[in-house]
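Everything on this sheet refers to the single structure shown next.
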Amino acid sequence: MTATEQKIQLDFAAAAERLKSVVRHTPLQYNQNLSDRFGCNVWLKREDLQLVRSYKIRGAYNLMGHLLQRSPLGPKAELMKGVVCASAGNHAQGFAFSCRKMEVRGVVFMPVTTPRQKIKQTRMFGKEYVEVELVGDNYDACSAAAQAFAQQNGMTFIPPFDHARIIEGQGTVGLEIFAKLPDPDFVFLPVGGGGLASGVGTCLKNLRPQVKIIGVEPEGAPSMSEAIRTGQPVVLPEIDRFIDGAAVKRVGDLTFSICKDLLDDVVLAPEGQVCSVILKLYNEEAIVVEPAGALSIAALHQYADKIKGKNVVCVVSGSNNDIDRMPEIKERSLIFEGLKHYFLIRFAQRPGALKEFVNNVLGPTDDITRFEYIKKTKKESGPALVGIEVQRPADNEALKRKMWIYQIDFTEINRDDKLFGYLV
28 MTATEQKIQL
38 DFAAAAERLK
48 SVVRHTPLQY
58 NQNLSDRFGC
68 NVWLKREDLQ
78 LVRSYKIRGA
88 YNLMGHLLQR
98 SPLGPKAELM
108 KGVVCASAGN
118 HAQGFAFSCR
128 KMEVRGVVFM
138 PVTTPRQKIK
148 QTRMFGKEYV
158 EVELVGDNYD
168 ACSAAAQAFA
178 QQNGMTFIPP
188 FDHARIIEGQ
198 GTVGLEIFAK
208 LPDPDFVFLP
218 VGGGGLASGV
228 GTCLKNLRPQ
238 VKIIGVEPEG
248 APSMSEAIRT
258 GQPVVLPEID
268 RFIDGAAVKR
278 VGDLTFSICK
288 DLLDDVVLAP
298 EGQVCSVILK
308 LYNEEAIVVE
318 PAGALSIAAL
328 HQYADKIKGK
338 NVVCVVSGSN
348 NDIDRMPEIK
358 ERSLIFEGLK
368 HYFLIRFAQR
378 PGALKEFVNN
388 VLGPTDDITR
398 FEYIKKTKKE
408 SGPALVGIEV
418 QRPADNEALK
428 RKMWIYQIDF
438 TEINRDDKLF
448 GYLV
């Protein structure tokens, strides 16, 4: 038993026993396309095929099952007054399923901004055992309200990641990986609050100490990276919430204490690159994943030289992706790949200026995908926002050269995050 296990008393075998009648042993699938692309053996641990379409059910059910077992007053006494959670999606659905399975009353606090699809799924899994409360504009405000509600009503709060039994439940993913592949060299895991990385990493390091555990965070929400850099969990002032399953402002105290010594590396994956992975998985493999589910695969490019000839596992953590997000996913992917560019163009105030731009500047395969004047009045005297899609990244340089040649007054806003955020 490791020092970490002794400190928080993790028992993955006991967790697996609690979960055996509820959780699916999801496939560990060899992926030929990724293996060929990176010159190694890549397996995907398909937690997107879990009952609630993510691994989160493991931790929620394990903690609630543990509370039921330990109660000195008999079954359900520990949870008699009910349970509460805060979540923007996956944890809520695992929690809701657990409430219905155990016939325990649950209250789910979700941000007001939560997509309706996720609210509907949570209610579907919980049925009559779960109420949904929409509170706050973000997870942090929602979580504070949920914990206050639990305390005021004598209910038990079920956290999304920062609890030993949650970590233990998520760690059963590691047991399943080892049962099918006892000699992994690298395991790539998405990192949000750190529960999955803490559990799977600890489990696999015990079974195969030489395995490299690589955590992968969204570039726009590097909470674990910052915690490791500063030596303690910190609250990030601002994050990009696009990869909502892994975008947290602050990692857990317990998960940080484990991950800082456990993880061999933490890498950041750009949101646009994650979107490209989502589209490739769909087009090449017919696999539908949510942004957090694609994080582990997105990091392979950064390790391309190190993983050659190795056995590599990527945990695909979930598939709760709202179809309404696909246009944004495609947009972010095109921008990351250098195939879509936005400009503020100040056209000369004379007849035919726009026509000359189309005829003289645009290449034969360039396509205007967005055009709008920025000013509400006297539009023609102000700049226009122009979105242009090109066939190859190099075509953008050719496009800009022509604008210089024809003395077009333009500003490229892809490179200006603040301006891009305001206008696009």
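Numbering follows the working numbering, with no gaps: position 208 of the sequence shown is 235.
Note that CB positions come from ideal geometry on N, CA and C, so glycine has one too.
In the structure shown, what three-state DSSP assignment does residue i receive?
| i | result |
| --- | --- |
| Y309 | helix |
| T257 | helix |
| V111 | strand |
| Y88 | helix |
| T31 | Because the pLDDT at T31 is just 44, under 50, the model does not fix this residue reliably, and the value given afterwards should be weighed accordingly. Residue state, collapsed to three classes: helix. |
| F269 | coil |
| Q36 | coil |
| Y400 | strand |
| P54 | coil |
| K337 | coil |
| Q329 | helix |
| V343 | strand |
| R73 | strand |
| L412 | strand |
| D394 | strand |
| S48 | coil |
| V275 | coil |
| G116 | coil |
| L389 | coil |
| L450 | helix |
| I146 | helix |
| V417 | coil |
| P264 | coil |
| V301 | helix |
| E155 | helix |
| I314 | coil |
Closest to residue i by CA distance: which of the options is it?
| i | options | result |
| --- | --- | --- |
| T474 | P260, A191, E246 | The structure shown has nothing for residue 474, since the chain only spans 28 to 451. |
| V278 | G220, D444, C67, K108 | G220 |
| G181 | G198, R377, E158, V111 | V111 |
| S48 | Q120, F65, K128 | K128 |
| Q36 | G226, I204, L161 | G226 |
| G86 | A41, F136, G242, G336 | A41 |
| D212 | I240, V200, F188, E74 | I240 |
| L295 | R235, G242, L231 | G242 |
| I194 | L366, N89, A421, G336 | N89 |
| I266 | I432, E253, K333 | E253 |
| L71 | R268, V339, E424 | V339 |
| A113 | E364, F398, C169, R143 | C169 |
| A325 | R268, S346, S303 | S303 |
| S284 | P249, G258, M151, H118 | G258 |
| L202 | D444, F374, N233, A177 | N233 |
| N423 | T438, V50, D393 | D393 |
Under 7 Å, do residue i and residue j count as touching if we go by C-beta distance?
| i | j | result |
| --- | --- | --- |
| M430 | V388 | yes |
| I146 | V162 | no |
| R359 | G299 | yes |
| Y57 | A115 | no |
| V69 | F124 | no |
| G153 | R132 | no |
| T282 | D189 | yes |
| D63 | G320 | no |
| V293 | I305 | no |
| K307 | C67 | no |
| V157 | V135 | yes |
| I440 | I415 | no |
| P318 | V301 | yes |
| L216 | A224 | yes |
| V413 | F370 | yes |
| Q197 | F184 | no |
| A331 | F65 | yes |
| L16 | T199 | As shown, the chain starts at 28 and ends at 451. That puts residue 16 outside it, with no answer to give. |
| V218 | E244 | yes |
Strictly by DSSP, which residues pair up with residue i?
| i | result |
| --- | --- |
| A296 | P245 |
| T183 | V110 |
| M137 | L161 |
| D288 | The partner list for D288 (beta bridge, DSSP) is empty, contrary to what the question assumes. |
| N68 | N338 |
| S125 | Bridge partners of S125: none, in fact. |
| S81 | G345 |
| query | For the stretch 351-386, which segments carrying the alpha helix (DSSP H) assignment without a break, of at least 4 residues, lie completely within its bounds, in sequence order? | reply | With a minimum length of 4 residues, the continuous alpha helix (DSSP H) runs that stay inside the stretch 351-386 are 353-363, 380-383.
| What runs of the alpha helix (DSSP H), each 4 residues or longer, lie entirely inside the stretch 419-443? | Unbroken alpha helix (DSSP H) stretches of 4 residues or longer found wholly inside the stretch 419-443: 421-432, given in chain order.
| request: Would you list, in sequence order, the uninterrupted beta strand (DSSP E) runs of no fewer than 3 residues that lie entirely inside the stretch 187-244? | output: The stretch 187-244 contains these whole beta strand (DSSP E) runs: 213-217.
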